[in-house]
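K.L.:
Last residue of the sequence shown? That's 229 in my numbering, and every number before it is there in order.
Glycine is no exception: its CB is placed at the ideal position from the N, C-alpha and C atoms.
Computed from a predicted structure; not experimentally measured.
My questions will all concern the structure given below.
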Amino acid sequence: LGHLEEKDVPVEITPYTEGRFKWITTRNLQFIPKERLQRSSNYTVKIKSGLLSMDGLEVKGQERKFITRPLRYFSLSKETTVYNQPISIYFNQPVDLERT
Numbered sequence: 130l131g132h133l134e135e136k137d138v139p140v141e142i143t144p145y146t147e148g149r150f151k152w153i154t155t156r157n158l159q160f161i162p163k164e165r166l167q168r169s170s171n172y173t174v175k176i177k178s179g180l181l182s183m184d185g186l187e188v189k190g191q192e193r194k195f196i197t198r199p200l201r202y203f204s205l206s207k208e209t210t211v212y213n214q215p216i217s218i219y220f221n222q223p224v225d226l227e228r229t
């Protein structure tokens, strides 16, 4: 058990995510990304055929999808607002001002 090179693990993560794999137990493989996963993103984890069980049986390939926490409106400024005054809108994560 221990750390593995990406090329030695029949797992593909899309979008490509740099990191390393580590066997926690003979039943539990952990992926440790080099940087945090992209927010509000769809990921696919594809386990390729060819992985062998302790008994030498081949594990069928599978694919799983997940979504990281999406950007959401969190709240408005709490004080009463006069019609000509700005309001503040808060979100649950930072917003990329360059792309907005």
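Beta strand (DSSP E) containing S204: first to last residue?
P.N.:
Here residue 204 corresponds to residue number 75 of the sequence shown, with the count starting at 1. Its beta strand (DSSP E) spans residues Y202 to L205.
K.L.:
Taking Cβ to Cβ, would you say I216 is nearer than 7 Å to S206?
P.N.:
One-based indexing of the sequence shown puts residue 216 at position 87. One-based indexing of the sequence shown puts residue 206 at position 77. Cβ atoms of I216 and S206: closer than 7 Å.
K.L.:
I'd like to know if Y145 contacts chain C, where contact means its C-beta is closer than 7 Å to some C-beta of that chain.
P.N.:
Of the chains in the structure shown, none is chain C; there is only one protein chain.
K.L.:
Report yes if the CB atom of I142 is closer than 7 Å to the CB atom of V174, and no otherwise.
P.N.:
To locate residue 142, count along the sequence shown from 1; it is residue 13. To locate residue 174, count along the sequence shown from 1; it is residue 45. Contact: yes.
K.L.:
Starting from I161 and walking both ways along the beta strand (DSSP E), at which residues does that stretch end?
P.N.:
Taking the sequence shown and counting its residues from 1, one reaches residue 161 at position 32. Unbroken beta strand (DSSP E) run through I161: N157 to P162.
K.L.:
Just tell me which of P144, R228, L180 and Q222 has its CA closest to the CA of R198.
P.N.:
Translated into positions along the sequence shown, residue 198 becomes position 69. Among P144, R228, L180 and Q222, the Cα nearest to that of R198 belongs to Q222.
K.L.:
Whose C-beta lies closer than 7 Å to the C-beta of Y219 among residues of the same chain, with five residues either side of it excluded?
P.N.:
Here residue 219 is taken as the residue at index 90 of the sequence shown, counted from 1. Hits under 7 Å: F203 and S204.
K.L.:
Quick one, are the C-beta atoms of K177 and G185 less than 7 Å apart?
P.N.:
Position 48 of the sequence shown holds residue 177. Position 56 of the sequence shown holds residue 185. Going by C-beta atoms, K177 is not nearer than 7 Å to G185.
K.L.:
Can you check the stretch 161-191 for any beta strand (DSSP E) of at least 3 residues that lies completely inside it and give the ranges in chain order?
P.N.:
171-176
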